[in-house]
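Under my numbering, the first residue of the sequence shown is numbered 6, with each subsequent residue one higher.
Glycine included, each C-beta is placed from N, C-alpha and C at the ideal position.
None of the values given here were measured: they were computed from a predicted structure.
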Amino acid sequence: MERLDALVVGAGPAGTTFAYRLAEAGRRVLVVEEHPRVGRPVQCAGLVSQRVLDLAGSSSMVVRPVRGATVVGPGHGAFEFKAEEPRAFVIDRAALDVHLAERAARAGAELRTGTRFDGIVRREPDAVRVRLTGADGATDEVAASVVVGADGVASSVARAFRLRRPVEILPAFEVEYPQAPGDPDTVEVYLGRAFAPGLFGWWIPDGHGGARVGVAADADGTPARVYFERLLDQLERRTGHRLANPTAILASGIPIGTLPRYVGERVLLVGDAAAQVKPLSGGGIFTGMRAAELAATVVLRALGGGEPSERALADYPRAFEAELGEEFRRALYLRRVFCRLSDRELDALVDALREGNLKGTVVAFGDIDFPTHVARQLLRASPGLVRLLPKALGAWMSPGTSYPAPELEPSVLRK
Ligand SMILES: Cc1cc2nc3c(=O)[nH]c(=O)nc-3n(C[C@H](O)[C@H](O)[C@H](O)COP(=O)(O)OP(=O)(O)OC[C@H]3O[C@@H](n4cnc5c(N)ncnc54)[C@H](O)[C@@H]3O)c2cc1C
């Protein structure tokens with residue numbers, strides 16, 4: 006019977022980042038991935054910051070740097086900005102996952118693809134024994150001092166260990182088009198309640214003349230594909246061109262909000278499984294990888310001290326909170342405000358950005374991993390924006406205000 010320091014379920018960026026850190030410290034780690042190939046199927050638009058490349062220790066997966074963005078309102082008014090230097094990177098997401106898995110394997114982690122975590126067999130005094138199922142249906146058991154659920158938004162580890170799962174999951178739908186006319190240096194963000202209530206549509210150049218076009222929406226039961234078709238109509242109205250001949254289609258879910266509890270006795274969740282996703286954009290690669298590093302530090306300490314008890318592992322959510330908690334709270338608050346804006350207000354928002362001469366502010370403070378920094382600066386710089394938004398927001402954003410974010414006024418919540 007195999008005896009592991011850690012069993013990592015899921016070979017996405019969070020799982021393999023965690024595995025790498027443990028393996029390089031000399032710990033015995035097994036990563037299981039239910040799909041036959043790491044990184045496939047791709048379920049991501051692949052837009053990341055320099056921080057992700059730094060965490061990965063490589064830029065080999067970059068297909069194109071981007072320097073700017075265009076935010077398009079429902080009525081087609083647009084706010085554009087472009088920086089001198091790259092502000093984000095379009096990556097080959099499968100290549101990122103493969104790179105991270107290979108790095109973990111080189112450090113000594115074992116990787117088993119086509120192998121699914123299938124539940125807890127029993128708890129032992131110094132380990133948890135779990136069942137794994139191979140692609141051929143054969144089952145196996147391993148015992149691990151700690152089990153890491155890096156198994157994405159529908160985490161079966163969370164279910165098996167009775168940890169909480171994300172309450173809000175935005176359905177997302179994305180299509181890759183080999184030919185998509187547009188500025189290859191710029192990503193486009195489409196706002197509109199008809200096609201993207203609750204988030205936005207995106208157009209991301211793929212570096213080869215095509216684009217990844219997608220939408221995530223607060224869908225109230227409507228399939229995300231329906232919202233996607235509406236986004237295509239919107240794009241056609243704007244450009245006069247109908248995107249056609251897709252080469253890849255993906256549908257998945259984006260967890261939003263933070264979990265009240267994502268560690269337990271000999272178990273922790275990381276990445277999408279723990280809803281460690283930026284609430285204003287749905288991006289989760291940076292936050293999941295960084296959380297995995299924080300979790301690995303805590304697990305190494307707990308293993309060194311003997312027991313990865315719930316109490317010892319609780320240092321991990323504390324570390325995440327200290328580093329990203331403030332940003333997440335602000336972003337969740339802004340998202341609640343954003344979700345209540347009508348199309349008319351979204352258009353007014355885009356107009357206020359354009360008319361307020363705010364490009365310099367966006368270029369100076371824009372950061373896809375910490376979007377509330379630029380939001381704060383914009384609200385300070387533009388009375389037009391503050392007028393559009395609830396009073397509580399204006400007060401909260403003014404200099405010297407600290408946490409917690411205020412509750413929304415009842416009139417705003419009723420909208
Ligand atoms: C349409 C879309 C576009 C996105 N675009 C971006 C973007 O541009 N930038 C960004 O930063 N983020 C983006 N995201 C979010 C990003 O993809 C996720 O946050 C990220 O993949 C989370 O990484 P993870 O390692 O936590 O989980 P995942 O990447 O989901 O990996 C989990 C792995 O666990 C495996 N698994 C699941 N259950 C089991 C089991 N029982 N046994 C074994 N293996 C299992 C799965 O097969 C999977 O490989 C996007 C998401 C969507 C849906």
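Identity of the residue in the options nearest residue i by Cα
i, options, result
"G139", "L354, D320 and G119", "G119"
"D4", "L285, H81, G288 and S257", "Outside the shown range of the chain, which is 6 to 420, sits residue 4, and nothing can be said about it."
"R247", "A256, L236 and S257", "L236"
"I259", "S160, S387 and A16", "S160"
"G215", "V68, R8, T366 and R117", "V68"
"P41", "E85, V151 and R121", "R121"
"R392", "T252, A357, P376 and F375", "A357"
"F233", "V268, L273 and P176", "P176"
"P18", "L308, G289 and K364", "G289"
"A297", "L273, L264 and E331", "L273"
"A201", "R8, A30 and A229", "A229"
"D10", "E312, F86, V218 and A249", "E312"
"V153", "M66, E173 and T21", "T21"
"P189", "A93, Y338 and A301", "A93"
"P265", "Q281, S257, P91 and T252", "Q281"
Closer than 7 Å: residue i CB and nearest ligand 1 heavy atom
i, result
"I290", "yes"
"I259", "yes"
"E234", "no"
"E193", "no"
"V282", "yes"
"R26", "no"
"D223", "no"
"H378", "no"
"L255", "yes"
"E39", "yes"
"F122", "yes"
"G262", "no"
"Q48", "yes"
"S64", "no"
"G142", "no"
"G269", "no"
Simplified DSSP assignment, three categories, for residue i
i, result
"R242", "helix"
"D374", "coil"
"K420", "Low confidence applies here, because K420 scores a pLDDT of 32, under 50, leaving its location unreliable; read the following figure in that light. K420: coil per DSSP, three-state reduction."
"L358", "helix"
"R33", "coil"
"D188", "coil"
"A216", "strand"
"K364", "helix"
"P411", "Model confidence at P411 stands at a pLDDT of 43, short of 50, so the residue's coordinates are unreliable; what they give is reported in the following sentence. The answer is coil: DSSP assigns P411 none of H, G, I, E or B."
"G287", "coil"
"E107", "helix"
"E85", "strand"
"S160", "coil"
"F233", "helix"
"R349", "helix"
"P404", "Because P404 carries a pLDDT of 47, less than 50, the predicted location of this residue cannot be relied on, and no value is offered for it."
"R26", "helix"
"T252", "coil"
"Y267", "coil"
"A93", "strand"
"R117", "strand"
"T227", "coil"
"F200", "coil"
"L273", "strand"
"A132", "strand"
"V379", "helix"
"R42", "coil"
"P426", "There is no way to answer for residue 426, as the model of the chain reaches only from 6 to 420."
"Y321", "helix"
"E312", "coil"
"L168", "coil"
"G20", "helix"
Where the alpha helix (DSSP H) through residue i begins and ends
i, result
"G293", "I290 to G309"
"D59", "Q55 to A61"
"F333", "E331 to C344"
"D141", "Note, D141: premise wrong, no alpha helix (DSSP H); not H, not E."
"G389", "P388 to L393"
The beta strand (DSSP E) enclosing residue i, as first and last residue numbers
i, result
"E173", "E173 to Y182"
"E315", "Element bounds for E315: not the beta strand (DSSP E) but the alpha helix (DSSP H), E315 to L318."
"E129", "T120 to E129"
"E7", "E7 to V14"
"R72", "Note, R72: premise wrong, no beta strand (DSSP E); not H, not E."
"G51", "Looking at the DSSP string, G51 is not in any beta strand (DSSP E), and its letter there is neither H nor E."
Whole-Å CB distance - residue i paired with residue j, under 8 Å assumed
i, j, result
"G361", "A386", "7 Å"
"V135", "V147", "6 Å"
"G78", "L351", "5 Å"
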